[in-house]
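Asks: From first to last, the protein sequence lines are chains A and B. Just so we're aligned, residue 12 is where the first sequence starts under this note's numbering, counting upward by one. Just so we're aligned, residue 12 is where the second sequence starts under this note's numbering, counting upward by one. All C-beta atoms in this analysis are idealised placements derived from N, C-alpha and C, irrespective of residue type, glycine included.
Protein chains: 2
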Amino acid sequence: MKLLEERILKDGKIKPGNVLKVDGFINHQIDVPFVSELGREFYRRFKDDGVTKILTIEASGIGIACLTGLHFGVPVVFAKKSRTSNISTDVYTARVDSFTHGTTCDIIVSKEFLSPSDRVLIIDDFLALGNALVGLREITLASGATLIGAGILIEKAFQSGGRMLREQGMRIESLARIASMTDTGITFIED
Amino acid sequence: MKLLEERILKDGKIKPGNVLKVDGFINHQIDVPFVSELGREFYRRFKDDGVTKILTIEASGIGIACLTGLHFGVPVVFAKKSRTSNISTDVYTARVDSFTHGTTCDIIVSKEFLSPSDRVLIIDDFLALGNALVGLREITLASGATLIGAGILIEKAFQSGGRMLREQGMRIESLARIASMTDTGITFIED
Numbered sequence: 012m013k014l015l016e017e018r019i020l021k022d023g024k025i026k027p028g029n030v031l032k033v034d035g036f037i038n039h040q041i042d043v044p045f046v047s048e049l050g051r052e053f054y055r056r057f058k059d060d061g062v063t064k065i066l067t068i069e070a071s072g073i074g075i076a077c078l079t080g081l082h083f084g085v086p087v088v089f090a091k092k093s094r095t096s097n098i099s100t101d102v103y104t105a106r107v108d109s110f111t112h113g114t115t116c117d118i119i120v121s122k123e124f125l126s127p128s129d130r131v132l133i134i135d136d137f138l139a140l141g142n143a144l145v146g147l148r149e150i151t152l153a154s155g156a157t158l159i160g161a162g163i164l165i166e167k168a169f170q171s172g173g174r175m176l177r178e179q180g181m182r183i184e185s186l187a188r189i190a191s192m193t194d195t196g197i198t199f200i201e202d
Numbered sequence: 012m013k014l015l016e017e018r019i020l021k022d023g024k025i026k027p028g029n030v031l032k033v034d035g036f037i038n039h040q041i042d043v044p045f046v047s048e049l050g051r052e053f054y055r056r057f058k059d060d061g062v063t064k065i066l067t068i069e070a071s072g073i074g075i076a077c078l079t080g081l082h083f084g085v086p087v088v089f090a091k092k093s094r095t096s097n098i099s100t101d102v103y104t105a106r107v108d109s110f111t112h113g114t115t116c117d118i119i120v121s122k123e124f125l126s127p128s129d130r131v132l133i134i135d136d137f138l139a140l141g142n143a144l145v146g147l148r149e150i151t152l153a154s155g156a157t158l159i160g161a162g163i164l165i166e167k168a169f170q171s172g173g174r175m176l177r178e179q180g181m182r183i184e185s186l187a188r189i190a191s192m193t194d195t196g197i198t199f200i201e202d
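And the structure:
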């Protein structure tokens with residue numbers, strides 16, 4: 012999607028360790044009208060799939076998921092990263108490693124909010140090794156819901172997650188797919 | 012605001028320790044079209060104040076802030092709760108105690124995203140002791156930006172935060188103000 016690719020070229024910053032920093036418009040400051048346009052594109056791609064619920068993971072997925080959910084008119088459920096004092100103990104859990112943070116955590120979704128009648132679209136900011144998607148898929152399937160697929164803003168296609176998950180049959184729609192990322196620039200895989 | 016009060020009475024759950032659980036429509040599952048209507052109400056109340064930026068705190072503030080930001084057409088900045096490997100070291104920080112979680116953390120906003128020309132509206136889900144608002148105010152003022160005020164979904168008016176902050180001159184617009192909360196029910200302060 013040209014709109015996102017151009018914005019990444021303009022405002023994205025490459026940091027050591029294959030980190031692409033998009034803090035200026037997605038991950039710390041959120042350009043709300045812009046991200047809403049990305050949400051509209053997810054809607055265009057998934058509007059005929061009967062989505063009843065959008066699933067994401069805190070924290071940076073939440074804004075994107077909400078601005079996408081508005082186009083679909085469906086609720087967003089966000090997986091939480093640790094057990095808090097006011098969450099039900101009756102939860103689905105999965106273990107997720109974070110590429111960016113170098114940590115491992117449990118993600119949690121209350122069983123109240125996913126059911127076998129749900130048709131779930133996963134939304135997230137990045138896809139690299141696919142760890143978050145694997146965890147969110149595990150939670151979706153544990154609930155008995157139908158997994159429609161995943162909408163991703165930025166896929167690091169030079170890492171293995173997207174290929175692995177597509178080979179396993181997951182439908183993944185990434186709005187920008189990065190072929191390579193070096194100090195001299197970013198190249199994208201064309202649609 | 013009747014819309015929110017009625018929803019709290021219908022779907023809110025009171026837990027031990029004065030915790031009001033609104034996980035079904037705000038804090039874990041987000042009823043996106045509903046929260047967008049709450050955002051419209053914030054817009055109605057602050058539309059003449061020249062807001063240039065909405066400031067909130069991860070995680071549960073993000074969805075509300077984004078769905079409010081869409082009405083204003085301005086970016087959202089969310090304060091992060093800990094230093095991560097891909098955030099700038101050039102940050103504003105404040106220390107915040109969490110009523111719900113019983114923890115203390117540092118919240119962080121990159122200096123890139125707040126400037127003296129900004130007019131900041133703080134958005135958050137709950138106001139109880141006011142710790143998060145104090146931290147977000149501290150960060151806003153450190154940046155030299157103008158603080159317009161705060162839009163809160165649910166104020167626990169039987170706790171001290173709202174009174175303290177209003178006495179200090181902060182404009183706070185709470186969409187539902189809880190006068191009392193017991194096992195037998197919730198009563199609101201009427202506008």
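For the pair the stretch 24–38 of chain B and the stretch 118–135 of chain B, tell me if three or more CB-CB distances fall below 8 Å.
Replies: The stretch 24–38 of chain B vs the stretch 118–135 of chain B: no contact.
Asks: Tell me whether the beta-carbon of threonine 198/A lies closer than 8 Å to the beta-carbon of aspartate 129/A.
Replies: As a position in the first sequence, residue 198/A is number 187, starting the count at 1. As a position in the first sequence, residue 129/A is number 118, starting the count at 1. No, these two residues do not count as a Cβ contact at 8 Å.
Asks: Which residues in chain B sit within 9 Å of leucine 49/A, going by Cβ to Cβ distance?
Replies: Taking the first residue of the first sequence as position 1, residue 49/A is located at position 38. Within 9 Å Cβ-Cβ: nothing; leucine 49/A doesn't reach chain B, min ~12 Å.
Asks: Can you check whether the C-beta of aspartate 101/A is within less than 8 Å of a C-beta belonging to chain B?
Replies: Taking the first sequence and counting its residues from 1, the one referred to as residue 101/A is at position 90. With 8 Å as the cut-off, aspartate 101/A does not count as an interface residue toward chain B.
Asks: For a contact defined as C-beta to C-beta under 9 Å, what are the partners of phenylalanine 124/A on chain B?
Replies: Your numbering for residue 124/A matches position 113 in the first sequence. Under the 9 Å cutoff, chain B gives Asp34, Gly35, His39, Gln40.
Asks: If you compare alpha carbons, which of Pro27/B, Asn142/B, Leu152/B, Leu125/B is closest to proline 86/B?
Replies: For this step, residue 86/B is matched to residue 75 along the second sequence. With distances taken between Cα atoms, proline 86/B lies closest to Leu125/B.
Asks: Give a yes or no on whether 8 Å exceeds the smallest Cβ distance from glutamate 184/B to chain A.
Replies: Numbered from 1 along the second sequence, position 173 holds the residue referred to as residue 184/B. Judged by the 8 Å Cβ criterion, glutamate 184/B is not in contact with chain A.
Asks: Could you check whether the Cβ of alanine 70/A sits closer than 8 Å to any Cβ belonging to chain B?
Replies: In the first sequence, residue 70/A corresponds to position 59, counting from 1. Closer than 8 Å to some Cβ of chain B, the Cβ of alanine 70/A qualifies, so yes.
Asks: Is there a C-beta anywhere in chain B that falls below 8 Å from the one on serine 154/A?
Replies: For this step, residue 154/A is matched to residue 143 along the first sequence. It does not: the Cβ of serine 154/A has no partner Cβ on chain B nearer than 8 Å.
Asks: Would you call the stretch 73–90 of chain B in contact with the stretch 116–123 of chain B, where contact means no fewer than 3 C-beta pairs closer than 8 Å?
Replies: Contact between the stretch 73–90 of chain B and the stretch 116–123 of chain B is present, because at least three Cβ pairs lie under 8 Å.
Asks: Any beta-carbon of chain A closer than 8 Å to the one on serine 121/B?
Replies: Taking the first residue of the second sequence as 1, we reach residue 121/B at position 110. Chain A, which has a Cβ nearer than 8 Å to the Cβ of serine 121/B, makes this yes.
Asks: Going by C-alpha to C-alpha distance, which of Ile183/B, Ala168/B, Arg177/B sits closest to serine 191/B?
Replies: Indexing the second sequence from 1 puts residue 191/B at position 180. It is Ala168/B whose Cα lies nearest to the Cα of serine 191/B.
Asks: Whole-angstrom Cβ separation of alanine 105/A and isoleucine 150/A, contact assumed at under 8 Å?
Replies: Walking along the first sequence from the start, residue 105/A turns up at place 94. Walking along the first sequence from the start, residue 150/A turns up at place 139. Contact holds; Cβ gap of about 5 Å.
Asks: Taking all protein chains shown into account, do 16 or more other C-beta atoms lie within 10 angstroms of the C-beta of glutamine 40/A, making it buried, or fewer, making it exposed?
Replies: In the first sequence, the residue the question calls residue 40/A occupies position 29. Answer is buried; the Cβ neighbour count reaches 16.
Asks: Using the three-state DSSP reduction, which class does leucine 49/A fall into: helix, strand or coil?
Replies: By one-based count along the first sequence, residue 49/A stands at place 38. In the structure shown, leucine 49/A sits in a helix (DSSP, three-state: H, G or I).
Asks: Going by the CB atoms, is the gap between isoleucine 165/A and alanine 143/A shorter than 8 Å?
Replies: Here residue 143/A is taken as the residue at index 132 of the first sequence, counted from 1. Here residue 165/A is taken as the residue at index 154 of the first sequence, counted from 1. No. Outside cutoff.
Asks: Using CA atoms only, rank isn't needed, just tell me which of Ser154/B, Ile200/B, Gly172/B is closest to valine 102/B.
Replies: The sequence position of residue 102/B within the second sequence is 91, counting from 1. Nearest of Ser154/B, Ile200/B, Gly172/B to valine 102/B, Cα basis: Ser154/B.
Asks: Less than 8 Å between CB atoms is the rule here; does lysine 91/B satisfy it with respect to chain A?
Replies: Looking up residue 91/B in the second sequence gives position 80. With 8 Å as the cut-off, lysine 91/B counts as an interface residue toward chain A.
Asks: Report the neighbours of leucine 81/B on chain A: residues whose CB is nearer than 8 Å to its CB, in chain order.
Replies: Translated into the one-based positions of the second sequence, residue 81/B becomes position 70. Simply Val43, Pro44, Ser47, Leu78, Leu81.
Asks: Could you pull the start and end residues of the beta strand (DSSP E) that isoleucine 150/B belongs to?
Replies: Taking the first residue of the second sequence as position 1, residue 150/B is located at position 139. Unbroken run through isoleucine 150/B is the alpha helix (DSSP H), 142–153; no beta strand (DSSP E).
Asks: Could you compute how far the alpha carbon of tyrosine 54/A sits from the alpha carbon of phenylalanine 57/B?
Replies: Along the first sequence, one-based indexing puts residue 54/A at 43. Along the second sequence, one-based indexing puts residue 57/B at 46. Approximately 30 Å between the Cα atoms of the pair.
Asks: Straight-line CA distance for threonine 84/B to isoleucine 19/B?
Replies: Along the second sequence, read from residue 1 onward, the residue named residue 84/B stands at position 73. Along the second sequence, read from residue 1 onward, the residue named residue 19/B stands at position 8. Sequence check: residue 84/B is glycine here, not threonine. Their backbone Cα atoms lie some 28 Å apart in a straight line.
Asks: Using the rule of at least 16 other Cβ atoms within 10 Å of the residue's Cβ for burial, across every protein chain shown, is glutamate 16/B buried or exposed?
Replies: Locating residue 16/B in the second sequence gives position 5, counting from the first residue. Glutamate 16/B should be labelled buried.
Asks: Less than 8 Å between the CB atoms is what I'm expecting for leucine 66/B and leucine 147/B, so what's the real figure, rounded?
Replies: Locating residue 66/B in the second sequence gives position 55, counting from the first residue. Locating residue 147/B in the second sequence gives position 136, counting from the first residue. Confirmed, about 6 Å.
Asks: Measuring CA to CA, which of Gly80/B, Glu201/B, Ile159/B, Gly172/B is closest to serine 47/B?
Replies: Locating residue 47/B in the second sequence gives position 36, counting from the first residue. When only C-alpha atoms are compared, the closest one is Gly80/B.
Asks: With DSSP run on the structure shown, which of helix, strand or coil describes valine 43/B?
Replies: Mapped onto the second sequence, residue 43/B falls at position 32. It is helical.
Asks: Within the same chain, show all residues whose beta-carbon is closer than 6 Å to that of arginine 51/B, passing over the 5 residues directly before and after it, in chain order.
Replies: As a first step, residue 51/B must be located in the second sequence, where it is residue number 40. Taken in chain order, the residues that qualify are His82.
Asks: Please report the straight-line C-alpha distance between glycine 35/B and valine 43/B, rounded to a whole angstrom.
Replies: In the second sequence, the residue the question calls residue 35/B occupies position 24. In the second sequence, the residue the question calls residue 43/B occupies position 32. When rounded, the distance between both Cα atoms is 11 Å.
Asks: I'd like the list of long-range same chain contacts for leucine 176/B, defined as Cβ closer than 7 Å, with 5 residues on each side in sequence excluded.
Replies: Sequence index remark: in the second sequence, residue 176/B carries index 165 (1-based). The answer, listed in chain order, is Gly141, Leu144, Ile183.
Asks: Can you tell which of Ser171/B, Gln179/B, Gly180/B has its C-alpha closest to the C-alpha of isoleucine 189/B?
Replies: One-based indexing of the second sequence puts residue 189/B at position 178. The shortest C-alpha separation from isoleucine 189/B is found at Ser171/B.
Asks: Starting from the Cα of glycine 61/A, find the closest Cα among Leu158/A, Asn38/A, Gly173/A and give me that residue.
Replies: For the purposes of this step, residue 61/A is identified with residue 50 of the first sequence, where counting begins at 1. Minimum Cα distance to glycine 61/A is reached at Leu158/A.
Asks: Thinking C-beta only, is cysteine 77/B closer than 8 Å to cysteine 77/A?
Replies: Within the first sequence, the letter at position 66 stands for residue 77/A. Within the second sequence, the letter at position 66 stands for residue 77/B. Their beta carbons are under 8 Å apart, which means cysteine 77/A touches cysteine 77/B by this criterion.
Asks: Please confirm if isoleucine 118/B has its CB atom under 8 Å from at least one CB of chain A.
Replies: To locate residue 118/B, count along the second sequence from 1; it is residue 107. Answer no: the Cβ-Cβ gap between isoleucine 118/B and chain A never drops below 8 Å.
Asks: Please tell me whether isoleucine 163/B has its Cβ less than 8 Å away from any Cβ of chain A.
Replies: Numbered from its first residue, the second sequence carries residue 163/B at position 152. No - not a single Cβ of chain A is within 8 Å of the one on isoleucine 163/B.
Asks: Starting from methionine 175/B, trace the alpha helix (DSSP H) both ways and give me its first and last residue.
Replies: In the second sequence, counting from the first residue as 1, residue 175/B sits at position 164. Looking at the DSSP string, the run of the alpha helix (DSSP H) that includes methionine 175/B is 172–178.
Asks: Is it right to say serine 71/A is buried, meaning 16 or more other beta carbons lie within 10 angstroms of its own, or is it exposed?
Replies: The residue you call residue 71/A lines up with position 60 of the first sequence. Buried, by the Cβ-count rule.
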